[in-house]
Amino acid sequence: MTITIYISSVSGSREIKTQQEKILQFLDSRNIKYFAKDITLSPDFKAEMRQKAGNPSALPPQVFNGSQYCGDYQAFFDALEDGKAEKFFKL
Numbered sequence: 004m005t006i007t008i009y010i011s012s013v014s015g016s017r018e019i020k021t022q023q024e025k026i027l028q029f030l031d032s033r034n035i036k037y038f039a040k041d042i043t044l045s046p047d048f049k050a051e052m053r054q055k056a057g058n059p060s061a062l063p064p065q066v067f068n069g070s071q072y073c074g075d076y077q078a079f080f081d082a083l084e085d086g087k088a089e090k091f092f093k094l
């Protein structure tokens, strides 16, 4: 399965940009392949992200492994702190 991260390349929020970067850096450092899907390229991507996450107000970054929802940045951060990042990504 492929890890997909919904991101926003055009965000006025420094927090969102930092969160996205931390997840992508983690995956890059572990040589884990992923696909970054930019929700600013199409309103359909944003709607898709929210529908798949089951949250009509979800903001990026949102992480999926195939069709399985992994979580948002806070869930990633909590898993990282607990030493369970692989479990978060469902690897």
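Residues in the sequence shown are numbered from 4 upward in steps of one, following the numbering used here. Note that beta-carbon positions come from the ideal geometry of N, C-alpha and C, so glycine has one too. This structure is a prediction, so every number in the text was calculated from the model and none was measured.
*Straight-line CA distance for Phe-29 to Lys-49?*
Numbered from its first residue, the sequence shown carries residue 29 at position 26. Numbered from its first residue, the sequence shown carries residue 49 at position 46. Cα to Cα, Phe-29 sits roughly 23 Å from Lys-49.
*asked:* So, under 8 Å CB-CB, Pro-64 and Tyr-76 are touching, yes? Tell me the CB distance rounded to an integer number of Å.
replied: If you number the sequence shown from 1, residue 64 lands on position 61. If you number the sequence shown from 1, residue 76 lands on position 73. Rounded to the nearest angstrom, the Cβ distance from Pro-64 to Tyr-76 is 6 Å, consistent with a contact under 8 Å.
_Span of the beta strand (DSSP E) around Ile-19_ = For this step, residue 19 is matched to residue 16 along the sequence shown. Segment 17-32 is the alpha helix (DSSP H) holding Ile-19; no beta strand (DSSP E) there.
*asked:* Which of the three DSSP states is assigned to Ala-39 in this structure?
replied: To locate residue 39, count along the sequence shown from 1; it is residue 36. It is a strand residue.
*State the start and end residues of the unbroken alpha helix (DSSP H) segment that holds Phe-92.*
Within the sequence shown, the letter at position 89 stands for residue 92. Careful: Phe-92 lies outside any alpha helix (DSSP H) and carries neither H nor E.
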